[in-house]
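Asker: Residue numbers (the working numbering), protein chains in the order written: chain A, 5 to 116; chain B, 10 to 123. Here it is: the structure, laid out below.
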Amino acid sequence: SQKIEQNSEALNIQEGKTATLTCNYTNYSPAYLQWYRQDPGRGPVFLLLIRENEKEKRKERLKVTFDTTLKQSLFHITASQPADSATYLCALDAGSARQLTFGSGTQLTVLP
Amino acid sequence: NAGVTQTPKFQVLKTGQSMTLQCAQDMNHNSMYWYRQDPGMGLRLIYYSASEGTTDKGEVPNGYNVSRLNKREFSLRLESAAPSQTSVYFCASRTTGRGNTEAFFGQGTRLTVV
Numbered sequence: 005s006q007k008i009e010q011n012s013e014a015l016n017i018q019e020g021k022t023a024t025l026t027c028n029y030t031n032y033s034p035a036y037l038q039w040y041r042q043d044p045g046r047g048p049v050f051l052l053l054i055r056e057n058e059k060e061k062r063k064e065r066l067k068v069t070f071d072t073t074l075k076q077s078l079f080h081i082t083a084s085q086p087a088d089s090a091t092y093l094c095a096l097d098a099g100s101a102r103q104l105t106f107g108s109g110t111q112l113t114v115l116p
Numbered sequence: 010n011a012g013v014t015q016t017p018k019f020q021v022l023k024t025g026q027s028m029t030l031q032c033a034q035d036m037n038h039n040s041m042y043w044y045r046q047d048p049g050m051g052l053r054l055i056y057y058s059a060s061e062g063t064t065d066k067g068e069v070p071n072g073y074n075v076s077r078l079n080k081r082e083f084s085l086r087l088e089s090a091a092p093s094q095t096s097v098y099f100c101a102s103r104t105t106g107r108g109n110t111e112a113f114f115g116q117g118t119r120l121t122v123v
């Protein structure tokens, strides 16, 4: 069966360090992979999308990589700040099937 | 520009009662989704609609029905609520087809079934 795993439920890091979150998947061939941020009591908010033929995507302090051989995406936040504390969700997009399937998320806490 | 609007925001139901969660989007998106979110479970897809007039089951459809009333509106109905349906429900929409786009989410409906 299809499975999406995000490396850990919770991750604590010191302010200024780089946070690295992992999304692994099995029995799936996504055309796109997306990352979202969710704050308590709010709906997820889109951050970045990467296509299967792209290795890396950047947006300001965010960087996403996508390795379809390893079936893995890494999400990096450089120079992290306490305001980056939130739950981060990866989502697999099979393209033509129109479904968007989410992982369970990683709760990131950036300590001042 | 309201984006995705869900109503109600909070609801308490007794076991066996029925209710409909409403969702509307004003971004002309063709695809709409209903998810439920439980602690430690992430977002699980209940139903989705790739276009007006079509609906498909997701991962956890049992106990739910949906209606894609028109391009803007996608409702979720619980015919006979059960305590296991206590959850936070999110509606989302996006454009799919010639290149899929990001999803936009509503603020969620917190449902408690007692």
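A virtual CB, placed ideally from N, CA and C, is assigned to each residue, including glycine.
Should Met-41 (chain B) go down as buried or exposed, given a rule of 16 or more other Cβ atoms within 10 Å for buried?
Answerer: Position 32 of the second sequence holds residue 41 (chain B). Buried, since its Cβ has 16 or more Cβ neighbours within 10 Å.
Asker: Keeping to the same chain, check which residues put their C-beta closer than 7 Å to that of Glu-9 (chain A); ignore five residues upstream and five downstream.
Answerer: Locating residue 9 (chain A) in the first sequence gives position 5, counting from the first residue. These residues qualify, in order along the chain: Asn-28 and Gly-107.
Asker: Should Val-75 (chain B) be flagged as near chain A, meaning a C-beta pair shorter than 9 Å?
Answerer: Translated into the one-based positions of the second sequence, residue 75 (chain B) becomes position 66. For Val-75 (chain B), the answer is no, since every Cβ of chain A falls outside 9 Å of its Cβ.
Asker: Under 9 Å, Cβ to Cβ, is there at least one residue of chain A near Asn-71 (chain B)?
Answerer: Numbered from 1 along the second sequence, position 62 holds the residue referred to as residue 71 (chain B). No, its Cβ sits nowhere closer than 9 Å to a Cβ of chain A.
Asker: Which whole runs of the beta strand (DSSP E) in the region 52 to 88 of chain A are 3 residues long or more, in chain order?
Answerer: Those beta strand (DSSP E) runs which fall completely within the region 52 to 88 of chain A and span 3+ residues are 60 to 63, 66 to 71 and 76 to 81.
Asker: Against chain A, does Phe-113 (chain B) count as a neighbour if the rule is that its beta carbon must be under 9 Å from one of theirs?
Answerer: Residue 113 (chain B) sits at position 104 when you count from the first residue of the second sequence. Chain A contact via Cβ: present.
Asker: Decide if Leu-74 (chain A) is buried, meaning its Cβ has at least 16 other Cβ atoms within 10 Å, or exposed.
Answerer: Position 70 of the first sequence, counting from 1, holds the residue named residue 74 (chain A). Under this definition Leu-74 (chain A) is an exposed residue.
Asker: Assuming Pro-86 (chain A) and Glu-56 (chain A) form a contact by the criterion Cβ under 8 Å, report the distance between their Cβ atoms to the nearest whole angstrom.
Answerer: By one-based count along the first sequence, residue 86 (chain A) stands at place 82. By one-based count along the first sequence, residue 56 (chain A) stands at place 52. So it is not a contact: roughly 34 Å between Cβ atoms.
Asker: DSSP three-state label for Gln-26 (chain B), please.
Answerer: By one-based count along the second sequence, residue 26 (chain B) stands at place 17. Gln-26 (chain B): coil per DSSP, three-state reduction.
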